[in-house]
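Structure, as structure tokens:
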Amino acid sequence: MRYLGLLLLMTIAILPFALGQTTLDRALEAQLKRVFPTATAFSPKQTRPLPHFVAYTGSPGSQTVAGYIFWTTELEPLERGYDGPIKMLVGLDTTAHLTGILVTEHHEPYGYFSVELPEFALQFKGKDIRDPFKVGTDVAAVSRATISITSSSRAIRNGARRLARAVLTPPGTAK
Numbered sequence: 063m064r065y066l067g068l069l070l071l072m073t074i075a076i077l078p079f080a081l082g083q084t085t086l087d088r089a090l091e092a093q094l095k096r097v098f099p100t101a102t103a104f105s106p107k108q109t110r111p112l113p114h115f116v117a118y119t120g121s122p123g124s125q126t127v128a129g130y131i132f133w134t135t136e137l138e139p140l141e142r143g144y145d146g147p148i149k150m151l152v153g154l155d156t157t158a159h160l161t162g163i164l165v166t167e168h169h170e171p172y173g174y175f176s177v178e179l180p181e182f183a184l185q186f187k188g189k190d191i192r193d194p195f196k197v198g199t200d201v202a203a204v205s206r207a208t209i210s211i212t213s214s215s216r217a218i219r220n221g222a223r224r225l226a227r228a229v230l231t232p233p234g235t236a237k
């Protein structure tokens, strides 16, 4: 009887992974909510056409796609700051505007990494991905960490444009 209970417990734990169904852990879901605050639910990570999460609005049973969220290090893995990759979550709504940015990991020298400052992320909220994202023009440098600022801005812009080309349908066209 004890072995049967153990077998049942292991089956329940492994079954979602065997079926390809995963759920979001609470920490990740909280991060996704910070990047896409109007969303009421999020999909598990999708791998096609590119790695991303889907953000939904509405109540269960009548949810609509509000946008998409991606990791910059997955869509733009070669983009690096002064001292390595800068991992950020980026939200993109269905009209090709950014909903939020969250820096989740970096290896920049302590006290130098200005991309971590709230002002850096806030300037991207509502930004159209068709903008140039040029530091000093439409992206503020925030401080002297220009390599990190420039690299992060490029990763946000290029990743968002790449995902938009893959998942968004231009108005008046069929997908």
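Taking my numbering, the leading residue of the sequence shown gets 63, the next gets one more, and so forth. Glycine is no exception: its CB is placed at the ideal position from the N, C-alpha and C atoms. Every value quoted in this text rests on a predicted model; they were computed, and no experiment measured them.
Can you tell which of the options has its C-alpha closest to the C-alpha of residue i?
{"i": "Val201", "options": "Gly123, Thr134, Phe186, Gln108", "result": "Phe186"}
{"i": "Glu91", "options": "Ile148, Gly153, Pro147", "result": "Gly153"}
{"i": "Phe115", "options": "Gly123, Ser121, Val97, Pro122", "result": "Val97"}
{"i": "Leu184", "options": "His168, Ser215, Thr157", "result": "Ser215"}
May I have the straight-line CA-CA distance separating residue i from residue j, to the nearest angstrom?
{"i": "Tyr130", "j": "Asp155", "result": "6 Å"}
{"i": "Pro106", "j": "Val197", "result": "33 Å"}
{"i": "Asp145", "j": "Ala203", "result": "17 Å"}
{"i": "Arg88", "j": "Thr166", "result": "15 Å"}
{"i": "Phe195", "j": "Gln108", "result": "27 Å"}
{"i": "Ile211", "j": "Glu181", "result": "12 Å"}
{"i": "Asp193", "j": "Lys95", "result": "25 Å"}
{"i": "Pro232", "j": "Arg219", "result": "18 Å"}
Where does the unbroken beta strand (DSSP E) through residue i begin, and where does it stop?
{"i": "Leu140", "result": "No beta strand (DSSP E) holds Leu140; DSSP gives it neither H nor E."}
{"i": "Ala117", "result": "115 to 119"}
{"i": "Lys157", "result": "According to the sequence shown, residue 157 is Thr rather than Lys. Segment: none, Thr157 is in no beta strand (DSSP E) and carries neither H nor E."}
{"i": "Val201", "result": "Premise fails: Val201 is in no beta strand (DSSP E) and is neither H nor E."}
{"i": "Ile131", "result": "126 to 133"}
Suppose the cutoff is 8 Å on Cβ atoms and the five residues either side in sequence are ignored; what does the same chain contact list for residue i look like?
{"i": "Gln125", "result": "Thr102, Ala103, Tyr118, Thr119"}
{"i": "Thr208", "result": "Val197"}
{"i": "Pro99", "result": "Thr161, Gly162"}
Going along the chain, which residues of its own chain have a beta-carbon closer than 7 Å to the beta-carbon of residue i, five neighbours each way excluded?
{"i": "Arg223", "result": "Ile191"}
{"i": "Glu136", "result": "Pro113"}
{"i": "Ser213", "result": "Glu141, Arg142, Gly143, Ile148"}
{"i": "Gly221", "result": "Phe132, Thr134, Leu137, Glu138, Val152"}
{"i": "Thr53", "result": "Not covered by the structure: residue 53. The range shown for the chain is 63 to 237."}
Residue j and residue i - do their beta-carbons sit closer together than 9 Å?
{"i": "Leu230", "j": "Gly188", "result": "no"}
{"i": "Gly179", "j": "Gln93", "result": "Reading off the sequence, residue 179 comes out as Leu, not Gly. Result no, Cβ atoms of Leu179 and Gln93 do not sit closer than 9 Å."}
{"i": "Pro122", "j": "Ala228", "result": "no"}
{"i": "His169", "j": "Val177", "result": "no"}
{"i": "Ala240", "j": "Ala128", "result": "Residue 240 is absent from the model: the chain starts at 63 and stops at 237."}
Which residues mark the beginning and the end of the alpha helix (DSSP H) in which residue i is found?
{"i": "Leu225", "result": "208 to 229"}
{"i": "Phe182", "result": "180 to 184"}
{"i": "Gly97", "result": "Checking the sequence shown, residue 97 turns out to be Val, not Gly. That run of the alpha helix (DSSP H) goes 88 to 97."}
Going by beta carbon distance, what residues of the same chain come within less than 6 Å of residue i, once the five residues before and after it are set aside?
{"i": "Ala217", "result": "Thr134, Glu138, Glu141"}
{"i": "Thr85", "result": "none"}
Is the shortest distance between the beta-carbon of residue i and the beta-carbons of chain B less than 9 Å?
{"i": "Arg88", "result": "The structure shown contains no chain B; it holds only a single protein chain."}
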